[in-house]
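For reference, the structure is listed below as structure tokens.
In the UniProt record's numbering, the protein residues as written are 1 to 244.
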């Protein structure tokens with residue numbers, strides 16, 4: 001299929017004229033921030049971010065985070081993005097897809113190069129706040145079994161941002177772009193549930209600014225890796241639904 005055909009089928013994606021990489025751009029005042037697919041070359045940029053205490057204490061990712069961890073994450077993510085983009089190219093601009101091929105937040109420099117800042121991924125909900133049980137397994141299984149585009153699918157975001165760029169409104173804007181430019185029109189997302197570590201109320205505010213509602217805190221429901229200090233943490237639970 002010709003490049004022009006692929007582009008016409010991929011609304012609202014934009015494409016880098018030199019690399020043909022798809023992206024979405026954040027609105028003012030963050031117009032120098034874009035969201036793209038993962039690149040296998042991102043690994044070296046990810047490791048220092050994920051080993052920053054201001055980041056790793058707000059995620060469930062392993063610590064220390066190794067270059068092998070980064071390579072594995074990038075390889076899996078790129079494969080998933082390639083499948084989604086091929087699906088879009090085959091089936092047209094109104095085709096509903098089972099995910100978002102864009103998840104890496106980058107800052108574009110004056111010379112046209114870009115810097116890796118973080119990640120914003122979408123998945124079908126996995127209910128991390130619930131203990132392992134038959135009930136949890138049944139919830140996940142039923143959610144996974146729903147057909148693509150089913151408005152009853154519950155989705156979740158997973159995100160992190162380099163601490164050098166915390167507090168600037170970047171993640172708030174990125175969530176808004178993915179939600180309204182991609183998730184709602186291209187995935188038919190209608191319900192979302194997200195969690196945030198109890199130590200990370202800033203994340204709660206980010207999601208609230210995008211219409212998520214704080215439902216409460218589930219205390220001491222998640223084990224903290226020993227290398228991060230051990231113990232347990234509570235999780236904030238937020239929900240969002242599209243009001244017709």
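Every residue gets a Cβ at the ideal spot worked out from N, C-alpha and C, and that includes glycine.
Keep in mind it's a predicted model, so treat the numbers as computed, not measured.
Could you give the first and the last residue of the continuous alpha helix (DSSP H) run that contains residue i?
{"i": "residue 78", "result": "67–91"}
{"i": "residue 204", "result": "201–208"}
{"i": "residue 50", "result": "43–50"}
{"i": "residue 137", "result": "134–145"}
{"i": "residue 148", "result": "Counting along the chain, residue 148 falls outside any alpha helix (DSSP H), and DSSP gives it neither H nor E."}
{"i": "residue 54", "result": "53–56"}
For residue i, which residues of its own chain have a beta-carbon under 6 Å away from its beta-carbon, when the five flanking residues on both sides are left out?
{"i": "residue 203", "result": "196"}
{"i": "residue 192", "result": "155 and 240"}
{"i": "residue 149", "result": "96 and 188"}
{"i": "residue 206", "result": "171 and 172"}
{"i": "residue 227", "result": "63"}
{"i": "residue 81", "result": "37 and 101"}
{"i": "residue 212", "result": "238 and 240"}
{"i": "residue 134", "result": "none"}
When DSSP labels each residue in this structure, what does residue i get in the three-state scheme?
{"i": "residue 100", "result": "coil"}
{"i": "residue 22", "result": "strand"}
{"i": "residue 224", "result": "coil"}
{"i": "residue 163", "result": "helix"}
{"i": "residue 129", "result": "coil"}
{"i": "residue 172", "result": "helix"}
{"i": "residue 214", "result": "strand"}
{"i": "residue 123", "result": "strand"}
{"i": "residue 180", "result": "helix"}
{"i": "residue 186", "result": "helix"}
{"i": "residue 28", "result": "coil"}
On the DSSP bridge list, what partners appear for residue i?
{"i": "residue 191", "result": "154 and 241"}
{"i": "residue 114", "result": "108"}
{"i": "residue 233", "result": "222"}
{"i": "residue 196", "result": "236"}
{"i": "residue 63", "result": "Answer is none; residue 63 lacks a bridge partner."}
{"i": "residue 14", "result": "23"}
Take residue i and list the residues in its own chain whose beta-carbon comes closer than 7 Å to its own, dropping the five residues that flank it on each side.
{"i": "residue 61", "result": "50"}
{"i": "residue 143", "result": "124, 125, 153 and 154"}
{"i": "residue 107", "result": "32, 33, 114, 115 and 117"}
{"i": "residue 223", "result": "232"}
{"i": "residue 59", "result": "160"}
What is the residue span of the beta strand (DSSP E) that residue i lies within?
{"i": "residue 110", "result": "That residue, residue 110, is in no beta strand (DSSP E); it is neither H nor E in DSSP."}
{"i": "residue 36", "result": "33–36"}
In its own chain, which residues sit with a C-beta less than 8 Å from the C-beta of residue i, not counting the 5 before and 5 after it?
{"i": "residue 40", "result": "71, 74, 75 and 78"}
{"i": "residue 220", "result": "232, 233 and 234"}
With respect to 7 Å, is the separation between the Cβ of residue i and the closest non-hydrogen atom of the ligand ATP below this value?
{"i": "residue 46", "result": "Absence of the ligand ATP from the depicted structure is noted, as is the absence of any ligand whatsoever, leaving it without description."}
Task: Contact between the region 70–79 and the region 230–240 (3+ Cβ pairs under 8 Å) - done: Touching, no, given that fewer than three Cβ pairs across the two stretches are closer than 8 Å.
- [ ] Check whether the region 151–162 touches the region 118–125, counting contact only when three or more Cβ pairs, one atom from each stretch, lie closer than 8 Å.
- [x] Touching, yes.
Task: Stretch pair the region 95–107 + the region 177–186: three plus CB contacts closer than 8 Å - done: Judged by Cβ distances under 8 Å, the region 95–107 makes contact with the region 177–186, as three or more pairs qualify.
Open item on the list: I want to know whether the region 80–95 touches the region 133–144 - three or more CB-CB distances under 8 Å.
Closed with: Cβ pair count under 8 Å is below three, so no.
- [ ] Answer yes if the region 53–69 comes into contact with the region 25–36, meaning at least three C-beta pairs across the two stretches below 8 Å, and no otherwise.
- [x] Contact fails between the region 25–36 and the region 53–69, because fewer than three Cβ pairs, one in each stretch, are under 8 Å apart.
Open item on the list: Assess contact between the region 44–59 and the region 18–28, defined as three or more Cβ pairs (one per stretch) separated by less than 8 Å. Is contact present?
Closed with: Flag = no, the region 44–59 and the region 18–28 do not touch.
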